[in-house]
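Beneath this line is the structure, given in structure tokens, with notes to follow.
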Amino acid sequence: MLLVGRGIQGVGAGGINMLVDLIICDLVPLRDLGSKMGILFALMTIASAIGPLIGGALAEHGAWRWIFYLNLPIGASALLLLFIFLRVSHKPSLTPREQLRHIDLIGNTILIASTTLIQYALTYAGSRYAWNDPHTTIPLATGLTALLILFPLFERSSSSSPRLCPHPVIPPHVLGNRTSAAAFFVTFNHAVLAVWITYFFPLYFQAVLGATPQRSGVQLLPLVFVFPAVAAGVGVMIARTGRFRPAHFGGLAVLGVGVGCCSLLGGAGDGDALWIVLQMLVAAGLGAVMPALLPAVQAELRDADAAASTAAWAFVRSLGTVWGVAIPAAVFNNRFRELLDERVDIEPGARAALRGGSAYEHATKAFVESFQEEETRAQVVGLYADSLKRMWQIGVVFAGLSFIAVFFERPVLLRKELETEFGLERSEKGLKTAAVVSSQDEARMV
Numbered sequence: 017m018l019l020v021g022r023g024i025q026g027v028g029a030g031g032i033n034m035l036v037d038l039i040i041c042d043l044v045p046l047r048d049l050g051s052k053m054g055i056l057f058a059l060m061t062i063a064s065a066i067g068p069l070i071g072g073a074l075a076e077h078g079a080w081r082w083i084f085y086l087n088l089p090i091g092a093s094a095l096l097l098l099f100i101f102l103r104v105s106h107k108p109s110l111t112p113r114e115q116l117r118h119i120d121l122i123g124n125t126i127l128i129a130s131t132t133l134i135q136y137a138l139t140y141a142g143s144r145y146a147w148n149d150p151h152t153t154i155p156l157a158t159g160l161t162a163l164l165i166l167f168p169l170f171e172r173s174s175s176s177s178p179r180l181c182p183h184p185v186i187p188p189h190v191l192g193n194r195t196s197a198a199a200f201f202v203t204f205n206h207a208v209l210a211v212w213i214t215y216f217f218p219l220y221f222q223a224v225l226g227a228t229p230q231r232s233g234v235q236l237l238p239l240v241f242v243f244p245a246v247a248a249g250v251g252v253m254i255a256r257t258g259r260f261r262p263a264h265f266g267g268l269a270v271l272g273v274g275v276g277c278c279s280l281l282g283g284a285g286d287g288d289a290l291w292i293v294l295q296m297l298v299a300a301g302l303g304a305v306m307p308a309l310l311p312a313v314q315a316e317l318r319d320a321d322a323a324a325s326t327a328a329w330a331f332v333r334s335l336g337t338v339w340g341v342a343i344p345a346a347v348f349n350n351r352f353r354e355l356l357d358e359r360v361d362i363e364p365g366a367r368a369a370l371r372g373g374s375a376y377e378h379a380t381k382a383f384v385e386s387f388q389e390e391e392t393r394a395q396v397v398g399l400y401a402d403s404l405k406r407m408w409q410i411g412v413v414f415a416g417l418s419f420i421a422v423f424f425e426r427p428v429l430l431r432k433e434l435e436t437e438f439g440l441e442r443s444e445k446g447l448k449t450a451a452v453v454s455s456q457d458e459a460r461m462v
């Protein structure tokens with residue numbers, strides 16, 4: 017039942033994330049998109065931080081079912097607001113049956129199957145199965161082959177075999193320019209690092225500093241406060257200048273330095289000032305890059321491609337969040353295993369409990385305090401602290417590769433005009449905000 021419920025929840029959450037982005041794209045010009053996305057992700061960051069805080073408190077007091085119950089009034093409130101305020105002016109010219117025919121069933125099947133296989137492999141790799149176990153390698157290799165080779169080949173068949181793929185999920189031209197391709201690469205790495213940071217700072221707080229789940233949520237507040245402030249500020253800057261590359265260069269440089277400096281976190285004796293400053297540094301880097309991602313993807317595309325490019329961007333971002341847990345967890349567990357084998361003085365009971373890739377799942381205050389001897393607890397904390405150092409060092413590579421990718425983006429000036437068939441009604445005057453793409457501009461963009 018839990019798996020079915022979570023699956024349904026995932027379908028809804030995925031659709032909501034993409035539709036929110038798409039609605040904003042259809043309402044504001046590309047020049048103003050950064051400022052609106054900055055506000056959106058600022059709110060999402062605040063909510064993402066409040067969620068674990070509330071969830072940790074509920075789990076700590078044994079009321080974990082309320083983690084799910086709380087979604088009901090929140091979802092109902094959001095649905096009510098949609099009915100009241102969202103009045104779309106676009107009237108579909110296609111019947112429901114014709115709209116269904118526009119769905120790329122084969123492409124979607126390949127996409128869903130490949131990502132499911134990848135997610136399955138990454139979920140159990142390093143914990144239930146080793147990375148070289150067939151239960152990991154076969155679904156991972158099959159999923160990556162389908163996603164990176166089979167899916168692009170099928171989508172490109174829309175030009176040579178239009179009857180087979182008349183309406184591709186991701187039209188090939190969306191990735192056909194170097195600016196969009198580089199921006200997608202940066203988006204993926206940004207999502208990886210965002211999840212990387214938000215997952216492993218709490219692990220550091222609980223396993224190394226000895227914080228409770230609720231306390232670790234409070235300790236994450238520097239990240240929560242800095243990220244939205246920087247994202248909103250950079251979004252305004254993009255709206256005024258029309259340029260997104262400075263945000264990418266500056267944000268990724270700060271992010272790389274911040275992630276690298278996180279390897280300075282050495283153990284239980286770390287002062288509060290150190291982890292607070294480091295959180296603020298990585299939050300500033302993440303926040304500066306975020307509002308410039310989607311504008312960069314769409315900079316060399318026409319407004320008519322907003323839906324396809326936004327959906328592709330949301331997919332790449334979601335895929336990055338999956339790898340954002342798997343990659344650092346693998347690095348962390350592998351380094352932990354190496355250190356456990358090297359340090360022969362580790363107490364046998366602790367060694368047995370931490371074998372088999374279980375260090376990540378045991379990274380809690382309760383587990384560390386389950387050892388009676390203070391020396392054993394210090395050994396376990398040392399293992400966690402030193403394993404986290406290697407993980408942060410690997411994270412610098414992702415920031416560095418993204419920084420290099422920005423050089424491939426063209427210095428495009430974001431346009432101020434919005435030309436789309438969609439918009440919101442102005443009920444007070446009976447007018448509409450929607451504008452229709454002109455044939456002249458469409459010819460120019462093609």
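Numbering of the sequence shown is given in our numbering, commencing with residue 17 and proceeding in unit increments. All C-beta atoms in this analysis are idealised placements derived from N, C-alpha and C, irrespective of residue type, glycine included. Note that this is a predicted model, so its numbers are computed, not measured.
Using DSSP with H/G/I as helix, E/B as strand and the rest coil, what is TYR400?
-> Here TYR400 sits in helix by DSSP.
Cutoff 7 Å; reference VAL252; Cβ partners in own chain excluding five residues on either side = Excluding positions up to five away in sequence, the list reads SER51.
One or two residues paired with ALA141 in a DSSP bridge = The partner list for ALA141 (beta bridge, DSSP) reads TYR145.
Check each candidate in TRP408, ARG351, ALA315 and GLY266 and name the one with the smallest Cα separation from ILE420.
-> The alpha carbon of ILE420 has as its nearest neighbour, out of TRP408, ARG351, ALA315 and GLY266, the alpha carbon of GLY266.
Hey, ALA322 and ILE55: beta-carbon distance below 7 Å or not?
-> No, the Cβ-Cβ distance between ALA322 and ILE55 is not below 7 Å.
When you compare each of ALA79, ALA199, ILE254 and LEU138 to LYS432 by their alpha carbons, which one comes out closest?
-> Of the candidates ALA79, ALA199, ILE254 and LEU138, the one whose C-alpha sits nearest the C-alpha of LYS432 is ILE254.
Kindly confirm or deny that the region 328-341 and the region 211-218 touch, where touching means at least three C-beta pairs closer than 8 Å.
-> Judged by Cβ distances under 8 Å, the region 328-341 makes contact with the region 211-218, as three or more pairs qualify.
Evaluate GLN388 with the Cβ neighbour count: other Cβ atoms within 10 Å of its Cβ, from every protein chain shown; 16 or more gives buried, anything less gives exposed.
-> By the Cβ neighbour-count rule, GLN388 is exposed, with fewer than 16 other Cβ atoms within 10 Å of its own.
Which residues in the same chain have their Cβ closer than 8 Å to the Cβ of ALA379, if we skip the five residues on either side of it in sequence?
-> Answer for ALA379: LEU219, GLN222, ALA223 and TYR400, listed in chain order.
Between ALA304 and the rest of its own chain, which residues show a CB-CB distance below 7 Å, the 5 nearest in sequence each way excluded?
-> These residues qualify, in order along the chain: VAL246, VAL250, ALA263, GLY266, GLY267 and VAL270.
Give a yes or no on contact between the region 351-361 and the region 231-240, applying the rule of three or more CB pairs nearer than 8 Å.
-> Output reads no: the region 231-240 does not touch the region 351-361.
Exposure label - GLU171; buried when at least 16 CB within 10 Å = Label assigned to GLU171: buried.
Are the CB atoms of VAL396 and ALA415 nearer to each other than 7 Å?
-> Not in contact: VAL396 and ALA415 (Cβ atoms no closer than 7 Å).
N- and C-terminal bounds of the alpha helix (DSSP H) containing GLY226 | Unbroken run through GLY226: none, as it is neither H nor E.
Supposed contact pair GLY159 and THR125 - C-beta distance, whole angstroms, cut 8 Å = Rounded to the nearest angstrom, the Cβ distance from THR125 to GLY159 is 13 Å, too far for a contact under 8 Å.
Which residues mark the beginning and the end of the alpha helix (DSSP H) in which THR161 is found?
-> Its alpha helix (DSSP H) spans residues 150-161.
Looking at the structure shown, is ALA79 part of a helix, part of a strand, or coil, going by DSSP?
-> Under the three-state reduction of DSSP output, ALA79 falls in the coil class, being neither helix nor strand.
By Cβ distance, which residues of its chain are closer than 6 Å to PRO238, with the 5 residues on each side in sequence left out?
-> Same-chain partners within the cutoff: ILE292, GLN295 and MET296.
Of all the options GLY258, ALA199 and LEU236, which has the alpha carbon lying nearest to the alpha carbon of ILE62?
-> That would be LEU236, whose Cα lies nearest to the Cα of ILE62.
Cβ-based neighbour list, CYS277, same chain, cut-off 6 Å, excluding 5 preceding and 5 following | If we look at CYS277 and ignore the five residues flanking it on each side, its Cβ neighbours are LEU294.
From which residue to which residue does the alpha helix (DSSP H) around MET296 run?
-> In the DSSP annotation of this structure, the continuous segment of the alpha helix (DSSP H) that includes MET296 starts and ends at 288-305.
Using the C-alpha atoms, what's the distance from LEU95 back to GLY192?
-> Taking the straight line from one Cα to the other gives about 37 Å.
Express the C-alpha separation of GLU390 and MET306 in angstroms, rounding to a whole number.
-> Going by the C-alpha atoms only, they are around 43 Å apart.
In three-state DSSP terms, what is GLY340?
-> Looking at GLY340 - three-state DSSP - the assignment turns out to be helix.
Rounded separation between ALA137 and HIS151 - CA only | In this structure, the CA atom of ALA137 is about 7 Å from the CA atom of HIS151.
Would you kindly work out how many angstroms separate the C-alpha atoms of LEU169 and ALA162, rounded to a whole number?
-> Taken atom to atom, the span from the alpha-carbon of LEU169 to that of ALA162 is near 10 Å.
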